[in-house]
Amino acid sequence: MIDNRDAPSTTRSTAVQRRGIERVQAILDAAEELHSEQGYSAATLKAIGERAGIPTASLYHYFADRHRVDAALLERHLTALNESVRSAIQDRPPRTLREAVEASVNPLLAYFRAHPSLVQLWFVGRDATRGLSPSPDAAWAEQLWRLLLDAELIRAETPVLVLQLAFEAGDRLFDVAFQRSPTGDEATIDELRRMVTAYLQTYAPQALDR
Numbered sequence: 121m122i123d124n125r126d127a128p129s130t131t132r133s134t135a136v137q138r139r140g141i142e143r144v145q146a147i148l149d150a151a152e153e154l155h156s157e158q159g160y161s162a163a164t165l166k167a168i169g170e171r172a173g174i175p176t177a178s179l180y181h182y183f184a185d186r187h188r189v190d191a192a193l194l195e196r197h198l199t200a201l202n203e204s205v206r207s208a209i210q211d212r213p214p215r216t217l218r219e220a221v222e223a224s225v226n227p228l229l230a231y232f233r234a235h236p237s238l239v240q241l242w243f244v245g246r247d248a249t250r251g252l253s254p255s256p257d258a259a260w261a262e263q264l265w266r267l268l269l270d271a272e273l274i275r276a277e278t279p280v281l282v283l284q285l286a287f288e289a290g291d292r293l294f295d296v297a298f299q300r301s302p303t304g305d306e307a308t309i310d311e312l313r314r315m316v317t318a319y320l321q322t323y324a325p326q327a328l329d330r
């Protein structure tokens with residue numbers, strides 16, 4: 121004989137977990153909308169709760185403070201952005217340094233333009249969000265460094281620091297581009313491409329012949 125006495129409690133537990141997941145998603149969606157529409161400073165817990173239709177007191181059951189919301193939203197964005205950059209860098213190996221720079225810059229630019237909330241979190245709210253989520257720049261730099269070494273587009277002794285600095289410079293210029301325009305100033309992005317390409321070319325094998 122099968123004992124089903126625990127079945128109702130299991131069902132209730134599953135339903136509670138599902139509602140909890142749905143509420144977290146609703147909170148993050150509300151925060152993303154507020155960042156996109158009104159800017160970083162507008163996405164307070166009170167405003168997020170009102171947008172999500174969840175009492176402010178109930179928000180604390182899921183997030184201890186506004187920074188925890190920011191961290192969760194950053195993680196959601198960076199998971200998607202990591203995949204986009206990884207695919208661009210690895211799936212179509214660049215034949216030139218310019219192509220390598222394009223493969224790094226273009227998916228970032230497209231994602232930031234499609235998700236203005238990340239612009240608010242990553243650039244406008246940089247001081248408040250710094251340290252909430254590890255920067256992916258170091259991982260991207262190492263991926264591209266290995267790819268450029270394998271393709272012999274940079275010299276074998278080129279340190280990974282070169283790519284790390286290239287990504288750091290690119291991050292700063294992305295900040296400038298989105299300060300100049302909410303969609304990323306194209307002229308600034310073009311200068312970013314030129315600057316980083318020129319820098320990497322000093323480590324190209326043919327640079328030894330100059």
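Per my numbering, residue 121 is the first one in the sequence shown, and the count goes up by one each step. Even for Gly, the Cβ is constructed at its ideal location relative to N, Cα and C. In this text the structure is predicted, and so the values were computed from the model without any measurement.
Check your understanding: What is the DSSP secondary structure of glycine 140, counted as helix, strand or coil?
Key -> Of the three classes helix, strand and coil, the one that applies to glycine 140 here is helix, per DSSP.
Point to revise | Closest residue to arginine 233 among Thr303, Glu157, Ser255, Ile209 (Cα-Cα distance) | key: Thr303
Check your understanding: Can you tell me whether DSSP reads glutamate 219 as helix, strand or coil?
Key -> helix
Review point. How many Å lie between valine 280 and leucine 179 at the Cα?
Key: 43 Å
Practice item. Go to arginine 250, then tell me how far its alpha helix (DSSP H) extends in each direction, as first and last residue. Key: Unbroken run through arginine 250: none, as it is neither H nor E.
Point to revise | Residue burial classification, proline 254 (beta-carbon count within 10 angstroms, cutoff 16) | key: exposed
**Study point:** Exposure label - histidine 181; buried when at least 16 CB within 10 Å
**Key:** Per the 10 Å Cβ criterion, exposed.
Check your understanding: Going straight from the alpha carbon of glutamate 311 to that of aspartate 305, what length do you get?
Key -> Taking the straight line joining both Cα atoms gives about 10 Å.
Point to revise | alpha helix (DSSP H) segment containing phenylalanine 287, residue limits | key: Unbroken alpha helix (DSSP H) run through phenylalanine 287: 280-300.
Practice item. Quick one: give me the first and last residue of the alpha helix (DSSP H) that serine 178 is part of. Key: 176-179
Review point. If you drop the 5 nearest sequence neighbours on each side, which residues of the same chain put their C-beta closer than 6 Å to that of proline 110?
Key: No answer is possible for residue 110: the residues shown for the chain start at 121 and end at 330.
Check your understanding: So the alpha helix (DSSP H) aspartate 270 belongs to, where does it begin and stop?
Key -> 257-270
Exercise for review: Please look up how many angstroms separate the CB atoms of threonine 317 and leucine 217, rounded, as I've assumed it's under 8 Å.
Suggested key: About 6 Å; that satisfies the 8 Å criterion.
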